[in-house]
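S.K.:
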Amino acid sequence: MTDTDITGGCLCRAVRYRAPGEPLWVAHCHCDSCRKASGAPFVTWAGFPKDAVSWSGDAPRRFASSPGNTRSFCPTCGTSLTYEGARWPDELHLLVATFDDPEAVAPARHVYWREHLSWIEPGDGLPRHDRTTSEG
Amino acid sequence: MPRPDPVKLSGGCQCGAVRFKLDGQPYWVAHCHCSLCRKQTSAPYATWISLPADAVTFTKGEPRIWEDKPDRQRGFCPECGTQLLGKTPKYPGEVHFLVGALDEPNAVTPQVHSFFADALNWVHPGDGLRRFATTSKEGPPLD
């Protein structure tokens with residue numbers, strides 16, 4: 015644990031976490047599934063080694079959003095917190111907007127751009143990938 | 085801000101336990117960058133459609149309500165966590181639904197960015213919509 019760690023949690027603060035200050039990657043995701051899980055037009059994820067994230071307070075409730083994909087949320091206020099996918103078995107993905115300081119990291123790309131909403135036009139100049147960076 | 089045309093929309097959570105219909109004339113459709121909306125949706129900003137309360141019908145299930153302040157309600161599916169709605173005494177008679185929970189989010193058109201004073205420093209919308217420090221009722225656009 016260091017003072018450069020990222021801390022965060024849900025809206026009601028029942029669920030809290032701590033993660034290393036340097037995520038493996040940070041990306042915006044425009045896929046239908048992330049949109050439906052959050053209610054927002056798109057979300058922003060940071061990837062971490064699964065065993066590097068520690069939790070305190072209430073346990074998040076887990077939900078299998080599709081085969082091989084598990085999301086979690088605070089059972090009290092509903093804030094979405096994590097994603098784990100069979101494609102990234104060693105990673106835990108945290109939603110950057112749940113960080114205490116979302117500006118501590120900088121998103122580097124847009125993924126699943128092929129599913130983006132017609133009225134979303136990021137003016138950030140970041141690369142846009144049809145699916146993930148490893149898929150083209 | 086002109087009132088949008090009447091809508092007939094459906095939506096629900098990701099697991100299907102909560103389903104709703106919206107049938108009426110929206111008051112507005114807006115992106116909100118405030119810290120509470122960001123935290124509710126776990127997203128850089130949220131997009132809301134505001135409707136009269138009588139335009140809303142729950143056709144399956146009911147959201148779980150959590151109050152972040154007295155009477156200020158936010159609703160989500162208790163089974164899968166999808167955020168769905170907000171209600172606040174600041175806007176009496178209105179219910180706000182999250183556009184990302186609609187079956188066809190592209191069927192609505194956001195009009196403004198609200199609470200842009202709270203926008204994250206890596207959010208730079210290139211959509212040309214006007215940006216307000218708080219709401220369009222509380223001051224001129226920022227640009």
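Note that the protein sequences, when read in sequence, are chains A and B. Using the working numbering, you'd call the opening residue of the first sequence number 15 and step up by one each time. Using the working numbering, you'd call the opening residue of the second sequence number 85 and step up by one each time. The beta carbon of each residue, even a glycine, is placed where N, CA and C say it ideally should be. Computed from a predicted model, the values in this text were never measured in an experiment.
Less than 7 Å separating the beta-carbons of leucine 95/A and lysine 123/B?
M.R.: Numbered from its first residue, the first sequence carries residue 95/A at position 81. Numbered from its first residue, the second sequence carries residue 123/B at position 39. In this structure, lysine 123/B does not lie closer than 7 Å to leucine 95/A by Cβ.
S.K.: Give me the subset of the stretch 72 to 83 of chain A whose CB atoms are less than 8 Å from a CB atom of chain D, sorted by chain position.
M.R.: Here the protein chains are A and B, and chain D is not one of them.
S.K.: Counting along the chain, where does the alpha helix (DSSP H) carrying lysine 64/A start and finish?
M.R.: Within the first sequence, numbered from 1, the residue matching residue 64/A stands at position 50. Lysine 64/A -> no alpha helix (DSSP H), and no H or E assigned at all.
S.K.: Going along the chain, which residues of the stretch 192 to 226 of chain B sit with their C-beta nearer than 7 Å to a C-beta in chain A?
M.R.: Per Cβ criterion, the list reads Thr193, Pro194, Leu204, Asn205, Trp206, His208, Pro209, Gly210 and Asp211.
S.K.: I want to see whether chain B comes within less than 7 Å of valine 29/A, judged by CB atoms only; does it?
M.R.: Here residue 29/A is taken as the residue at index 15 of the first sequence, counted from 1. False, the Cβ-Cβ gap to chain B never drops below 7 Å.
S.K.: Hey, proline 121/A and threonine 18/A are a contact pair by Cβ (cut 8 Å); roughly how many whole angstroms apart?
M.R.: Translated into positions along the first sequence, residue 121/A becomes position 107. Translated into positions along the first sequence, residue 18/A becomes position 4. Their Cβ separation, rounded to whole angstroms, is 19 Å, which puts proline 121/A and threonine 18/A out of contact at 8 Å.
S.K.: Are at least three pairs of beta-carbons, each pair with one atom in the stretch 94 to 111 of chain A and one in the stretch 27 to 35 of chain A, less than 8 Å apart?
M.R.: Touching, yes, given that three or more Cβ pairs across the two stretches are closer than 8 Å.
S.K.: Thinking just about the alpha-carbon of each residue, which of Pro55/A, Ile134/A, Ala66/A and Thr93/A is nearest to the one in alanine 73/A?
M.R.: Looking up residue 73/A in the first sequence gives position 59. The shortest C-alpha separation from alanine 73/A is found at Thr93/A.
S.K.: Hey, quick one: how far does the alpha helix (DSSP H) through threonine 125/B stretch, first residue to last?
M.R.: Translated into the one-based positions of the second sequence, residue 125/B becomes position 41. Segment 119 to 125, the alpha helix (DSSP H) holding threonine 125/B.
S.K.: Is there a Cβ of chain A sitting closer than 7 Å to that of phenylalanine 160/B, yes or no?
M.R.: Locating residue 160/B in the second sequence gives position 76, counting from the first residue. For phenylalanine 160/B, the answer is yes, since a Cβ of chain A falls inside 7 Å of its Cβ.
S.K.: Select from the stretch 87 to 112 of chain A all residues with a C-beta closer than 8 Å to any C-beta belonging to chain B, and list them in chain order.
M.R.: Within the stretch 87 to 112 of chain A, the qualifying residues are Phe87, Cys88, Pro89, Thr90, Cys91, Gly92, Thr93, Ser94, Leu95, Leu109, Val110, Ala111 and Thr112.
S.K.: Can you give the beta carbon distance from valine 125/A to threonine 90/A, rounded, assuming they're within the 8 Å contact cut?
M.R.: Within the first sequence, numbered from 1, the residue matching residue 125/A stands at position 111. Within the first sequence, numbered from 1, the residue matching residue 90/A stands at position 76. With 8 Å as the limit, valine 125/A and threonine 90/A do not qualify as a contact, their Cβ atoms being about 30 Å apart.
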